[in-house]
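Chains as they are written, first to last, in the numbering used here: chain V, 4 to 512; chain G, 875 to 1079. Just so you know, even glycine gets a beta-carbon here, dropped at the ideal spot from N, CA and C. The structure appears below as structure tokens.
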Amino acid sequence: MDKSFAANLSRRQFIRQAACAAVGTTALTSAIRDLRLMNAAVAQSNIGPTDYKALVCIFLSGGNDSNNLIVPTLTSEYNSYSTIRTPVLAIPQSSLLPISPLNSDGHAYGFHPCLGDVNGHNGLADLFGAGKLAVLFNAGTLAYPLTKTQYNSFPSKRPPQLFSHADQVTQWQTSIPDQAPLTGWGGRSADLLNSVQPNAPVSLSVTLAGANTFEVGTQVSQYSVSTTGAITAQGVTGARLTALNNVLGLTNNNLLAQAYGGVGSHAINTGTLLNSAIDDGTYGTKDPSSTVQFWNVPFPGASPFQVVNPITGSKFTSKNLGPQLKMIARLIDAGHRSVAQKGFGMLRQIFFCSVGGYDLHSGQTDVPNGGSVLTGSHSDLFAELSQCMWAFQSAMNQIATKHADPNFAQRVTAFTCSDFGRTFPSNGQGSDHGWGNHHLIMGGAVNGQRTYGAFPTLTVGGPDDTSTGRWIPTTACDQYFATLARCLASTRIISPWSSRISGGSRPPT
Amino acid sequence: MRVFVKIVRVLIVAGLVGYGVWWLVKRGPQPASKSPEDSVKVTPTISGSSTSGVPSNSLSPSPAPAKAPDQSGASPLDATSGGVPSTPSQPSKNPANYVLGSPSVLPTNMSPQSVLENARRAIVNYGSTFDGNPVGTNPEITSALNGENPKQIKFLNTDDGMRINGAGELVDAWGTPFFFHQLSGKETEIPPPVPTGGCGPAMIC
């Protein structure tokens, strides 16, 4: 191990203090590869029957341009930002929503204006101020911590196929940048945690966005649910359903047919159970009509509860993220409820949802068409993300009231991921594939109203740039996910995010 | 007489040697090869990638750093399984100074569609060789295709209509830099070049 890397490893205080001696001895490239940390935490804990926790992964597909999610507002730094991003991408300083982090890293920041509130629809800026949201700077896939010099000198130490959508998505979801993917880190977490709930009626891993790598495990299979509930056999009810179940339950000499019967029966039974749990008239969150929401804070979705763009006031339907998060909230409610209350009685759940449209090589703002930099596809996406996440957090607060569990808000943590960041300079129409990206972590357990990691120097060709404004990450996905996984494994209602998260400084050259 | 002959021989040999030394010193160091392609040096820009038909955003970036010397003994032939090549050398700033091919001349009967297909084939060949397409900006991909790869293979040929402008960008038949959209390590999308729709839908390679 060369000296520079040893020095960097010593800065990863949060992992060492989490008693993960294994991290220092496992492959330096991936702390979460074998999840010994999590395993140790699970072994040391006594997860009781009421100790419920859930993780929600919100995947922003395409590569989110987080350079406009959070913008430096100190005059010299804003000028650097503005000089390079003008005219296509630079958000006017007067439009930014100033935030007041409780920690100081020598910078000042503002959120994109579409992360604020409008007409009573609150957003991420409010959550940040309430201490329920944190920002992680410049996270990305890393096989080794890299300085710019090392990036240029040792191509073999870069994660393979940087700037490629599918490969980076895989590396984010597996947290293994240097080997062929076999499992996702969510799936590996589920495999470890499954032992605490061996009789769970529904899979620990649930996806609202179809099959994904994140939840691939060796023991626990992900269970796909639609935004309207479990997918069941259409038009098969009553006597016909009984007959179908009888047929599937027949003993068959053909092993394949026998297995098919078992899977089919399981799918039907699980779907029936899930739908009855979420729609239960007494304990569930049944929607009696399309105009009534489950909670008094509406989830953005279709009319009349649409996303409102704070800049233009225009409304649009959230076709994916709002309905997905709404169903996740319903499944969390059902998962946390006891079996006696027609729930699943689960202790741990992992959810995956996804929203696309972030691959904005063009149309990121309306400037190329003669419009404003404050409008365009990206502002709509931010408005949707902000209002949907805020509605989700509000739902968690109301579930806490419903279940008379004052700690409930600390049981659910949502976090964002994305393929990669985007280039700092515009390509004239939008932005192109980058690398390091800023991300959001939300929940009652989050040590919020803080920023973590190191904000990159906004200089093209500068010390944090590979070239053309692609930031070399200062925090590896590994570090990001290890903290989340540890939180999921632990019994304590802890604040996982602390100043111990390092990765904010580069190893000495 | 014999002595005289020997002296003359020595003088002749010495004279020839001396002339040779003088000639080498006066000539100075020369490149190892004089073939047209070897004289090409890809000099990509760091001013940002370009989409087809859209000029690069003008800015004043810091100068590109010099390529750092190999410090660990890692071989320059270390396979990278495709991906971003080593840092290209100092760019020429004038896109008009083509480093491969000519700004105004395409091979005879070379249609724009053929140029696009040949670009696609170059990427496919690279991907087959290194088990993954090149990724990065146009200049980075171009430099990888033009020899800055672990095996120093050049996949670009002027006979195929391949041209590299002074910014190190591979350009289409109209001189507009290609836009390479990396969908995955083995799938790169090349949107249709200008004029719009002239060559049909986007190519996947």
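Along chain V, in chain order, which residues have C-beta atoms closer than 8 angstroms to that of residue i?
i, result
"residue 1058/G", "164, 167, 168, 169 and 170"
Going by beta carbon distance, what residues of the same chain come within less than 6 angstroms of residue i, once the five residues before and after it are set aside?
i, result
"residue 305/V", "320"
"residue 189/V", "217, 218 and 353"
"residue 200/V", "349 and 350"
"residue 400/V", "412"
"residue 119/V", "100, 126, 128 and 313"
"residue 451/V", "134, 135, 136 and 137"
"residue 106/V", "453"
"residue 202/V", "none"
"residue 283/V", "345"
"residue 187/V", "176, 177, 216, 217, 218 and 219"
"residue 113/V", "74, 76, 99, 100 and 101"
"residue 68/V", "425 and 434"
Leaving out five residues on either side along the sequence, give the residues of the same chain with a beta carbon under 8 angstroms from the beta carbon of residue i.
i, result
"residue 955/G", "No answer about residue 955/G holds up, because its pLDDT of 41 lies below 50 and its placement is not dependable."
"residue 894/G", "none"
"residue 309/V", "303, 318, 319, 320 and 321"
For residue i, collect the residues of the same chain with a Cβ closer than 7 angstroms to its Cβ; drop the 5 residues on either side in sequence, then sort them by chain order.
i, result
"residue 197/V", "207, 222 and 223"
"residue 430/V", "364"
"residue 280/V", "287, 337, 345, 346 and 347"
"residue 341/V", "348"
"residue 888/G", "none"
"residue 184/V", "173, 177 and 216"
"residue 999/G", "1029"
"residue 296/V", "302 and 308"
"residue 977/G", "970 and 1049"
"residue 315/V", "378"
"residue 946/G", "At residue 946/G the pLDDT is 36, less than 50, meaning the model places this residue with poor confidence; the figure from the coordinates comes in the next sentence. Cβ neighbours of residue 946/G beyond the five flanking positions: none."
"residue 417/V", "59, 61, 392, 395, 445 and 446"
Chain V partners of residue i, CB-CB under 9 angstroms?
i, result
"residue 1006/G", "163, 164, 167 and 170"
Just reading off the alpha helix (DSSP H) that residue i is part of, what are its end residues?
i, result
"residue 483/V", "480-492"
"residue 392/V", "380-405"
"residue 986/G", "986-1004"
"residue 513/V", "Lying before the first or after the last residue shown, residue 513/V is absent from chain V, which here runs from 4 to 512."
"residue 130/V", "127-132"
"residue 269/V", "258-281"
"residue 80/V", "78-88"
"residue 241/V", "241-251"
"residue 139/V", "Per DSSP, residue 139/V belongs to no alpha helix (DSSP H); it is in the beta strand (DSSP E), 136-143."
"residue 440/V", "That residue, residue 440/V, is in no alpha helix (DSSP H); its beta strand (DSSP E) goes 440-446."
Can you name the residues of chain G whose CB is closer than 7 angstroms to the CB of residue i?
i, result
"residue 436/V", "1056"
Output the boundary residues of the beta strand (DSSP E) element that contains residue i.
i, result
"residue 113/V", "112-114"
"residue 75/V", "73-75"
"residue 57/V", "56-63"
"residue 419/V", "415-421"
"residue 1016/G", "No beta strand (DSSP E) holds residue 1016/G; the alpha helix (DSSP H) holding it covers 1012-1019."
"residue 1057/G", "1055-1058"
"residue 357/V", "351-358"
"residue 865/G", "Summary: the structure shown does not reach residue 865/G, with chain G confined to residues 875 through 1079, and so no result is reported for it."
Could you check how far apart the C-beta atoms of residue i and residue j are, in whole angstroms? I think they sit under 8 angstroms.
i, j, result
"residue 549/V", "residue 174/V", "This structure cannot settle anything about residue 549/V, because the visible part of chain V is limited to 4 through 512."
"residue 307/V", "residue 391/V", "Between residue 391/V and residue 307/V the Cβ distance is about 16 angstroms, and since that is not below 8 angstroms, they are no contact."
"residue 360/V", "residue 66/V", "At roughly 11 angstroms, the Cβ-Cβ gap does not stay under 8 angstroms, so residue 360/V and residue 66/V are not in contact."
"residue 443/V", "residue 419/V", "5 angstroms"
"residue 330/V", "residue 139/V", "Going by Cβ atoms, the distance from residue 330/V to residue 139/V rounds to 26 angstroms, so no, they are not a contact pair."
"residue 63/V", "residue 449/V", "Rounded, the Cβ-Cβ distance is 18 angstroms, inconsistent with contact."
"residue 300/V", "residue 59/V", "Contact doesn't hold; Cβ gap of about 17 angstroms is too wide."
"residue 72/V", "residue 115/V", "6 angstroms"
"residue 209/V", "residue 228/V", "6 angstroms"
Closer than 8 angstroms: is that where the CB of residue i sits relative to any heavy atom of the ligand FAD?
i, result
"residue 366/V", "Judged by which ligands are present, the structure shown has none, so any question about the ligand FAD falls away."
Exercise. Report the residue ranges of all beta strand (DSSP E) runs contained in full by the segment 150-235 of chain V; include only those spanning at least 3 residues, in chain order.
Key: Runs found: 208-210.
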